[in-house]
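**Student:** Positions -24 to -1, 1 to 391 (mature numbering (1 follows the signal peptide of the UniProt record, and there is no 0)) are the ones given, in order, by the sequence shown.
Pasting a structure here, questions to come.
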Amino acid sequence: MKGARTGIIASTLALCLMSGAALAQELRVTVWTGSEAHLKMLNGIAEPFIAKHPGVTVKFETVPVADYTQKLTFQVAGGNPPDAAWMMEDAAPAFENAGLLMDIGPTVKAAEGYDFADFSQPAMALWQNGETVYGIPFSTSPFMIYYNKDMFDKAGLEDPLALAAKGEWDMKKFQEVSKKLVEANPGKWAFEFKDGEGYASRMTHAVLPPIRAYGGEMWADGQCGFDKPEAVAAVQQLHDMVFKDKTIVPPGEQGDYFSGNSAMTVNQISRASKMPEAGFKWGIAPLPTGPGGEAPVIGQAALVVFEQGKNKQLAADLVAQMTTKENVAIMAQFFPPARKSVLESDAFINSNKLVPADQMKSIAAAIVNGRVHPAHEKVPQIFAAMAPKMDALWKPDANVEEALKGVCAAIQPLL
């Protein structure tokens, strides 16, 4: 009898251990931020989910933005995808059409109090096909001009926000003030492309805002737009600023706006988290307008779940938790929301302690009026084909029009 009881106890312990092993799950969520403020916020949002799921942990894995999509692709191709991930808008069609993303629609729509209809339809366009939902946008963030007010003051210039308020902040003024900025601030640059990667991983982010300001587009409806007059004029201005005016950080040089070496850069509101370390007065303003009028550019990112993931249903539940109204409102301090109720609230305008309300209003207006960076199911191939042609463009003696024709010749078969 004693032996029987011992056997029952041993079996029970084994079952408990097996149950505990089954419950011990780590959800891997890949992101491209290494910001301490961002990661603290994300971990705080995940805490209630962890509390509801004993034995579950959530790990936010940082992959540098310059290598992000490529490394994510390698992980998926190697059969080791994260459970969930941030995904950039330009990569979405390729992953969706390859069947790599889970339909998380049933999960989020069934979540208590979720209110899926609160997401704006334009914001969901890239992430939804009929009833199938491939991702939930957590950031619909317009590109904005970050400026160093100290450098503008030293040059005796009105800053971009003040110029925008007067209706004078356009591409012509952008070039004019850039010349004056470098004259008044020797050894500094007037402008740095996004993340200092305008000649590499951010090559489209460098040229897209001015191309749209001139009334053009990189590509649309299966047709390349780089060789159109509007795009040629826009890129020619940039080329002149790099090599003739010497106001834009050239290839091979480091501008680093955030260290005070450039007077302006383009980025999104999430980068405000870096500004307390900057050591100078700063502000945020809209992109310069141009012959094509106002043309805000929106960078979008969504949370997705991979079809091959080991814990995909649990990961879908996590995405639902992270994108509730309450959590979207928390993330709005760094990542402008796609939820209409949050975007339209006073809480959003006052959500970021680093950015004054009048500047947050500019961000909200840009979200409403902006267009997302062009996407395509063959974006990885398009970027690979573009790279050597764009390298040829950024030479002092380059013929801009011919170089852009070369870009179109390279990517048109893929479009």
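For glycine and all other residues, C-beta sits at the position ideal for the given N, C-alpha and C.
1. Could you give the first and the last residue of the continuous alpha helix (DSSP H) run that contains Thr299?
2. According to DSSP, Val281 sits in a beta bridge with which residue or residues?
3. Considering only the beta carbon of each residue, do Lys365 and Val383 sit closer than 8 Å?
4. So which of Asp59, Thr116, Phe50 has the shortest CA-CA distance to Ile339?
5. Do three or more CB pairs link the region 176 to 196 to the region 206 to 218 at distances below 8 Å?
6. Taking 8 Å as the threshold (C-beta atoms), are Gly10 and Thr33 in contact?
7. Does the separation of the CB atoms of Ala209 and Pro350 fall below 8 Å?
8. Could you tell me the boundaries of the beta strand (DSSP E) in which Glu37 lies?
9. Out of Gly54, Asn303, Ala314, state which residue places its alpha-carbon closest to the alpha-carbon of Phe25.
10. Looking only at its own chain, which residues have a Cβ that is under 6 Å from the Cβ of Ala131, when we skip the five neighbours before and after it?
11. Check this for me: beta carbons of Pro113 and Ala314, under 8 Å apart or not?
12. Which ranges would you report for the beta strand (DSSP E) in the region 62 to 117 if only whole runs of at least 3 residues count?
13. Could you check the C-alpha separation between Gln357 and Phe167 for me, to the nearest Å?
14. Among the residues of its own chain, which have a CB less than 8 Å from the CB of Gln46, if the five just before and after it don't count?
15. Exposed or buried, Gly275, counting other C-beta atoms within 10 Å across all chains shown (16 or more means buried)?
16. For Asn243, count the other beta carbons within 10 Å of its own beta carbon; 16 or more makes it buried, fewer makes it exposed. Which is it?
17. Unbroken beta strand (DSSP E) runs of length 3 or more, entirely within the region 111 to 159: which are they?
18. Could you give the first and the last residue of the continuous beta strand (DSSP E) run that contains Thr224?
19. Which of the three DSSP states is assigned to Met17 in this structure?
20. For the region 2 to 16 against the region 56 to 73, do three or more pairs of beta-carbon atoms, one drawn from each stretch, fall closer than 8 Å, so that the two count as touching?
21. Please classify Gly228 as buried or exposed, where buried requires at least 16 other C-beta atoms within 10 Å of its C-beta.
22. Pick out whichever of Asp135, Trp62, Lys125 has its Cα sitting closest to the Cα of Tyr110.
23. Once DSSP output is grouped into helix, strand and coil, what is the label at Arg240?
24. Taking only the alpha-carbon atoms, compute the straight-line gap between Ile343 and Pro272 and give it to the nearest angstrom.
25. According to DSSP, what are the bridge partners of Ile274?
26. Kindly indicate which three-state DSSP category Gly266 falls into: helix, strand or coil?
27. Look up Gln1 in the DSSP assignment and say whether it is helix, strand or coil.
28. Any idea if Ala239 is buried or exposed, counting beta-carbon neighbours within 10 angstroms, 16 or more meaning buried?
**Tutor:** For this structure:
1. In the sequence shown, the residue the question calls residue 299 occupies position 323. Premise fails: Thr299 is in no alpha helix (DSSP H) and is neither H nor E.
2. Mapped onto the sequence shown, residue 281 falls at position 305. According to DSSP, Val281 bridges with Ala60.
3. Taking the first residue of the sequence shown as 1, we reach residue 365 at position 389. Taking the first residue of the sequence shown as 1, we reach residue 383 at position 407. Yes, Cβ-Cβ distance for Lys365 and Val383 is below 8 Å.
4. Along the sequence shown, one-based indexing puts residue 339 at 363. Checking every option, the nearest Cα to that of Ile339 belongs to Thr116.
5. yes
6. Counting from 1 along the sequence shown, the entry for residue 33 is found at position 57. Counting from 1 along the sequence shown, the entry for residue 10 is found at position 34. Not in contact: Thr33 and Gly10 (Cβ atoms no closer than 8 Å).
7. Within the sequence shown, residue 209 is the residue found at index 233, counting from 1. Within the sequence shown, residue 350 is the residue found at index 374, counting from 1. Contact flag unset, no.
8. Translated into positions along the sequence shown, residue 37 becomes position 61. 32 to 38 is the extent of the beta strand (DSSP E) around Glu37.
9. Position 49 of the sequence shown, counting from 1, holds the residue named residue 25. It is Asn303.
10. Along the sequence shown, read from residue 1 onward, the residue named residue 131 stands at position 155. Excluding residues within five positions, the ones whose Cβ falls inside 6 Å are Lys156, Leu157, Ala160.
11. Taking the sequence shown and counting its residues from 1, one reaches residue 113 at position 137. Taking the sequence shown and counting its residues from 1, one reaches residue 314 at position 338. Annotated as proximal: Pro113 and Ala314, with beta-carbon spacing under 8 Å.
12. none
13. Counted from its first residue, the sequence shown places residue 357 at position 381. Counted from its first residue, the sequence shown places residue 167 at position 191. Their backbone Cα atoms lie some 29 Å apart in a straight line.
14. What you label residue 46 is simply residue 70 of the sequence shown in a count that begins at 1. If we look at Gln46 and ignore the five residues flanking it on each side, its Cβ neighbours are Pro356.
15. Start at 1 with the first residue of the sequence shown, and residue 275 comes out as number 299. Counting the other CB atoms within 10 Å of its CB gives Gly275 a total of 16 or more, which places it among the buried residues.
16. If you number the sequence shown from 1, residue 243 lands on position 267. The residue in question, Asn243, is buried, as its Cβ has 16 or more Cβ neighbours within 10 Å.
17. Assignment of beta strand (DSSP E) within the region 111 to 159, counting only whole runs of 3 or more residues, yields 111 to 118, 120 to 124 in chain order.
18. Translated into the one-based positions of the sequence shown, residue 224 becomes position 248. Correcting the residue identity first, residue 224 is Ile in this sequence and not Thr. Careful: Ile224 lies outside any beta strand (DSSP E) and carries neither H nor E.
19. Stepping through the sequence shown from its first residue, residue 17 is reached at position 41. Of the three classes helix, strand and coil, the one that applies to Met17 here is helix, per DSSP.
20. The region 2 to 16, when compared against the region 56 to 73, does touch it at the 8 Å Cβ threshold.
21. Within the sequence shown, the letter at position 252 stands for residue 228. Per the 10 Å Cβ criterion, exposed.
22. Taking the first residue of the sequence shown as 1, we reach residue 110 at position 134. The shortest Cα separation from Tyr110 among Asp135, Trp62, Lys125 belongs to Trp62.
23. In the sequence shown, the residue the question calls residue 240 occupies position 264. A quick correction: the sequence has Met, not Arg, at residue 240. Met240: strand per DSSP, three-state reduction.
24. Here the question's residue 343 lines up with position 367 in the sequence shown. Here the question's residue 272 lines up with position 296 in the sequence shown. Taking the straight line joining both Cα atoms gives about 8 Å.
25. Along the sequence shown, one-based indexing puts residue 274 at 298. Ile274 pairs with Pro118, Val348.
26. Here the question's residue 266 lines up with position 290 in the sequence shown. Three-state result, Gly266: strand.
27. As a first step, residue 1 must be located in the sequence shown, where it is residue number 25. Correct three-state label for Gln1: strand.
28. Your numbering for residue 239 matches position 263 in the sequence shown. Buried, by the Cβ-count rule.
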